[in-house]
Each structure stands twice: as structure tokens, then as C-alpha cells.
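Heads up: the structure comes next, in C-alpha cells.
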Amino acid sequence: MAVFDYRQAEEIRDAFNKHGVRYLFIGKSGAILLGFPDSTQVAVIYPEKSPENGRAIVAALRELNFEITDSRAGEIERGKDFVQLKNGPFDVDLVFAPDGIERFEGAWRRHVVIDGFHVCHIDDIIGSKEASRRAKDMESLPRLRSFRKYWLLQNHNSP
Amino acid sequence: MDTEANMTPESEDPDSGDIPADWLAEFEAAARRPLRERFRYAFIKTCEPVMDDEPYRSFDTMADYRAWCEANLPDWLGYGRV
Numbered sequence: 000m001a002v003f004d005y006r007q008a009e010e011i012r013d014a015f016n017k018h019g020v021r022y023l024f025i026g027k028s029g030a031i032l033l034g035f036p037d038s039t040q041v042a043v044i045y046p047e048k049s050p051e052n053g054r055a056i057v058a059a060l061r062e063l064n065f066e067i068t069d070s071r072a073g074e075i076e077r078g079k080d081f082v083q084l085k086n087g088p089f090d091v092d093l094v095f096a097p098d099g100i101e102r103f104e105g106a107w108r109r110h111v112v113i114d115g116f117h118v119c120h121i122d123d124i125i126g127s128k129e130a131s132r133r134a135k136d137m138e139s140l141p142r143l144r145s146f147r148k149y150w151l152l153q154n155h156n157s158p
Numbered sequence: 000m001d002t003e004a005n006m007t008p009e010s011e012d013p014d015s016g017d018i019p020a021d022w023l024a025e026f027e028a029a030a031r032r033p034l035r036e037r038f039r040y041a042f043i044k045t046c047e048p049v050m051d052d053e054p055y056r057s058f059d060t061m062a063d064y065r066a067w068c069e070a071n072l073p074d075w076l077g078y079g080r081v
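Note that the protein sequences, when read in sequence, are chains A and B.
Residue 41 in numbering that gives the first Met the number 0 sits at position 42 of the first sequence, with consecutive numbering throughout.
Residue 22 in numbering that gives the first Met the number 0 sits at position 23 of the second sequence, with consecutive numbering throughout.
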């Protein structure tokens, strides 16, 4: 399995845009897009849960050579809360119901765009990690909260 | 950085003064790097026992996923809840 690189990130961004996918990067991959210097293994995507968006995701991922059978496509279209894909050119987690975020629309209103990538606001990334209560998330939270202060300082006057 | 921030939380008064100096230096260094370069440093691949054994998994609910992680993954991977 190849490491997720910038070219692949551009490909998934462009494929999602082409098919009209409503999505947000979340988790540490989202934080990294915001500038957080850390490491992770997987791109974590928070897609809007709707049949239409699910179909668009399946079309985009198939275009990127992920192996999506019809049965799995059905699961994505229904928006199962968590779908883990390790059967394509890179690993992707689709998290349709991330902990700590009530509705996609709220996160979408707060989101930021970095080089064309749709990314959750740092507060949603932190809130989701706090709500998950996983050991590995708890360990990263102090540094992430410090990054939030730095990020807000840098972006305080942005429109 | 091409950033379009849509929200700054109300009554937020960011102050870098209480950010540990070594972390602040890392944040500033990262901010100087283009996104493409940040990607090169950020995304890595290490073996995750059990997690890497299947090419596809899905769970109806996040609770199901969390329970599966706790029941099946080694503790040291950090997926368990605290």
C-alpha cells in the first residue's frame, strides 16, 4: 500500500469535485491540511450522508481505482457510519457520523478551504477527537489544542 | 497558504504566549512549508496488526466500530477508549 501523497490528495479532491461530492477532511489528516505538523496513516473523510452523495462518492472512488463492489457501493450509498477502504491506491476512512459533530451542515458552515480541499474547522476536529475518547486521540489533544491557538492567531482576521 | 476561514469562535482572543516554545517553533516551521511538502512529512505507513488484515470494513454505527476496535485490536495501537 502506497503512502497517501499530495498527488493522490489532488486526485481525490478533483474526483470529488468532478462528481459533486460534499465532503470534509477530518481527524489528523484534516489538521495536517490546516498546517498541524504531525503524522498519520490514513485520509479521513467526513462525507454528507445522503443517497445522492453516496452515489457520487462511489463514482469518484471507482474512478480512482478503488475496488467497490455493488454490495459495498450500497453500503456507502446508505451511509453506514464508518467505512474503511484499504482496497485502492491509498487508505481512506469514510466517517459519515463522526463523534462530537451533530450535523454535516453545521460542520460545513464552519469549514475552511485549503488549496481547494474542504477541511473541518479546527474546533470540529478537536471536538471530534475529544468525543471519541480514544487513547491515541487523547494523547494528541494537548498539542492539537496548542495548534488551535496558533492557527486562530494566524487566521484571526481572515474573512 | 490558500485559506478561507469561515469562522473564528466568538470571544476568542488568540495569544501564542502559552504555547510551548518548541511546539510554536514547529508550527511556524510547518507554516513556512508548502502543503505538498507538509504531506511528504505527514503521511506515513506502518503496520497495524488486525486493522490491516482486511481490505474493506464497514460498521452501521460508530458505537459498533469502537466496540470492534476494543475487542479486536491490540491495546498498544491506541484505539481503545479511556
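Glycine included, each C-beta is placed from N, C-alpha and C at the ideal position.
key: Within 8 Å of chain A by C-beta, residues of the segment 15-26 of chain B in sequence order   = Answer in chain order: Ser15, Asp17, Ile18, Pro19, Trp22, Leu23, Glu25 and Phe26.
message = Quick check on DSSP: helix, strand or coil for Gln40 of chain A?
response = In the three-state DSSP reduction, Gln40 of chain A falls in the coil class, being neither helix nor strand.
ask   = Touch check for the segment 22-32 of chain B and the segment 54-66 of chain A: three-plus C-beta pairs under 8 Å?
value = Pairwise C-beta distances place the segment 22-32 of chain B out of contact with the segment 54-66 of chain A, as fewer than three of them are shorter than 8 Å.
message = Under 8 Å, Cβ to Cβ, is there at least one residue of chain A near Val81 of chain B?
response = Yes, its Cβ sits closer than 8 Å to a Cβ of chain A.
query = First and last residue of the alpha helix (DSSP H) that includes Arg102 of chain A?
reply = Premise fails: Arg102 of chain A is in no alpha helix (DSSP H) and is neither H nor E.
key: Cα-Cα separation between Arg133 of chain A and Ala70 of chain B, rounded to whole angstroms   = Between the C-alpha atoms of Arg133 of chain A and Ala70 of chain B there is a straight-line separation of about 14 Å.
query = Sorted by chain position, which residues of the same chain lie with C-beta nearer than 6 Å to Arg12 of chain A's C-beta, five sequence neighbours on each side aside?
reply = Taken in chain order, the residues that qualify are Gly115 and Phe116.
message = Between which residues of its own chain and Ala1 of chain A is the CB-CB distance below 8 Å, once the five residues before and five after are set aside?
response = Excluding sequence neighbours, Ala1 of chain A sits near Gln7, Pro88 and Phe89.
request  = Could you tell me the boundaries of the beta strand (DSSP E) in which Val118 of chain A lies?
outcome  = Val118 of chain A -> beta strand (DSSP E) spans Phe116 to Val118.
Cut-off 8 Å between Cβ atoms - residues of its own chain near Leu140 of chain A, not counting five sequence neighbours on either side = Only Ile125, Lys128 and Glu129 meet the Cβ criterion.
key: Close Cβ partners of Glu11 of chain B (< 7 Å) along its chain, the five nearest in sequence each way excluded   = Residue placement at Glu11 of chain B is flagged as unreliable, the pLDDT there being 49, under the threshold of 50; a coordinate-derived value is accordingly withheld.
key: Simplified DSSP assignment, three categories, for Tyr78 of chain B   = Annotated three-state conformation of Tyr78 of chain B is coil, per DSSP.
ask   = When the cut-off is 8 Å and only beta carbons count, does Glu74 of chain A lie next to chain B?
value = At least one chain B Cβ lies under 8 Å of Glu74 of chain A.
query = DSSP on Ser89 of chain A, reduced to helix/strand/coil?
reply = Looking at the sequence provided, one finds Phe at residue 89 of chain A rather than Ser. The answer is coil: DSSP assigns Phe89 of chain A none of H, G, I, E or B.
message = Just to confirm, is the Cβ distance from Phe15 of chain A to Ala72 of chain A under 8 Å?
response = The Cβ-Cβ distance between Phe15 of chain A and Ala72 of chain A does not fall below 8 Å.
Where Ile31 of chain A meets chain B, residues with beta-carbon distance less than 7 Å = Within 7 Å Cβ-Cβ: Arg37 and Ala41.
message = Between the alpha carbons of Ser145 of chain A and Thr68 of chain A, how many angstroms are there, rounded?
response = Roughly 42 Å between the two C-alpha positions.
task = State yes or no: is the beta carbon of Glu54 of chain B nearer than 8 Å to at least one beta carbon in chain A?
result = Here residue 54 of chain B turns out to be Pro, not Glu, going by the sequence shown. Yes, contact with chain A.
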